[in-house]
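Here the numbering used here is used: the sequence shown runs in plain steps of one and ends on residue 266. Just so it is clear, CB atoms sit at the ideal spot from N, CA and C, and this is done for glycine as well. Since the model is a prediction, treat every value here as computed from it, not as a measurement. Below is one structure, written out as structure tokens; comments come after it.
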Amino acid sequence: MTRRTPVIAGNWKMNTTPDEGKELAIGIASGCDQLDGVEVIVCPPFTGLAAAAEATANSAISVGAQNISSEPSGAFTGEISAAMLEGLVTHVIVGHSERRALYGETDEQIAAKAVAAAAAGLSPIVCVGESLEVRQSGQAIEFVENQLRESLSGYTAWNQLIVAYEPVWAIGTGEAATPQQAQEIIAAIRAGISGIAGDEHASRTRVLYGGSVNSTNIGPFMDRPDIDGALVGGASLKSDEFVGIVEVAARLSAEAS
Ligand code: PEP
């Protein structure tokens, strides 16, 4: 079986001033200093990227953005392209459910962003996940499979890809999916990647769970065979809590190796 390095990524959303972000990044970097076997990514808002990049420069922590434009440059007021993030980030979240729901981003736009990110050498963290309505209708697997396929249309940089399964009903609600629910969908996501890109890429791609993860509930997610870590929102804004999540992931990773 392919061994995949776990990933714990923090999505700070629209929080933190540059100074607050710098302090948070320093706290996370120092808390994770002695922890091995987990890839840690922090995703501050654009205004915090430079400070976070500086604060984590001498650590193993990576910095990601929360969004990018699919366009390379030009008359797109207020937008940030992948090229503009050069030297600041290595990762970028695309297709977060808040971008989809609040800003009307379509699968087609998200696919274009993922392609633009990879073309600039960034690793896209492509988010998919069903609403409560879809889950209750019993269509969650089909919905996510379709969303994944459409959100990866034209995408070919398989070695750079990270996928995050984030059921909309679990984000910021304090009601995480059960590890079994997450495993079921993430196994389907891996099968979906296999269908598009083949078994080898499917078995290497890191697929994360996201939705109300904290240091208390992360363990059973990490124990599932297809779940490679977490995309963490609220709990990533407190360095102790976020480091606590990384600690659990690092311990389980060491035990598994
Ligand atoms: C997120 O913002 O991607 C997220 C998973 O948030 P939370 O952990 O707060 O549910």
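Is it buried or exposed for residue i, if we count other Cβ within 10 angstroms and need 16 for buried?
{"i": "F230", "result": "buried"}
{"i": "A12", "result": "For the sequence presented, residue 12 should be read as Arg rather than Ala. So R12 counts as exposed."}
{"i": "D249", "result": "exposed"}
{"i": "N67", "result": "exposed"}
{"i": "D28", "result": "exposed"}
{"i": "S78", "result": "buried"}
{"i": "Y112", "result": "exposed"}
{"i": "S106", "result": "buried"}
{"i": "G9", "result": "An answer regarding residue 9 cannot be provided, because it is not within the stretch 10 to 266 covered by the chain."}
{"i": "Q145", "result": "exposed"}
{"i": "Q148", "result": "exposed"}
Indicate the three-state DSSP secondary structure (helix, strand or coil) for residue i in the structure shown.
{"i": "H100", "result": "strand"}
{"i": "R215", "result": "strand"}
{"i": "A263", "result": "helix"}
{"i": "I180", "result": "coil"}
{"i": "P15", "result": "coil"}
{"i": "S160", "result": "helix"}
{"i": "L173", "result": "Here the sequence assigns Ala to residue 173, which means Leu is not the residue at that position. In this structure, A173 counts as strand in the three-state DSSP scheme."}
{"i": "N24", "result": "coil"}
{"i": "Q43", "result": "coil"}
{"i": "G166", "result": "Per the sequence shown, residue 166 should be read as Ala rather than Gly. Coil, per DSSP."}
{"i": "Q145", "result": "helix"}
{"i": "A129", "result": "coil"}
Would you grab the beta carbon distance between residue i and residue j for me? Rounded to a whole angstrom, and I think it's under 8 Å.
{"i": "V137", "j": "V172", "result": "7 Å"}
{"i": "L157", "j": "I198", "result": "6 Å"}
{"i": "G220", "j": "I180", "result": "5 Å"}
{"i": "K31", "j": "A62", "result": "Between A62 and K31 the Cβ distance is about 10 Å, and since that is not below 8 Å, they are no contact."}
{"i": "G46", "j": "A259", "result": "5 Å"}
{"i": "G238", "j": "I37", "result": "Not a contact, Cβ separation roughly 15 Å."}
{"i": "A185", "j": "V222", "result": "6 Å"}
Got a sec, what are the start and stop residues for the alpha helix (DSSP H) residue i sits in?
{"i": "S39", "result": "27 to 40"}
Can you give me the start and stop residues for the beta strand (DSSP E) that residue i sits inside?
{"i": "S132", "result": "132 to 137"}
Against chain C, does residue i count as a neighbour if the rule is that its beta carbon must be under 8 Å from one of theirs?
{"i": "L157", "result": "The chain labelled as chain C is not found in the depicted structure, where only one protein chain is given."}
Point to revise | alpha helix (DSSP H) runs contained entirely in the stretch 47 to 125, provided each spans 4 or more residues | key: 58 to 64, 106 to 112
Review point. Where in the stretch 186 to 254 do unbroken runs of the beta strand (DSSP E), each at least 3 residues long, occur, reported from the N-terminal end onward?
Key: 215 to 219, 238 to 241
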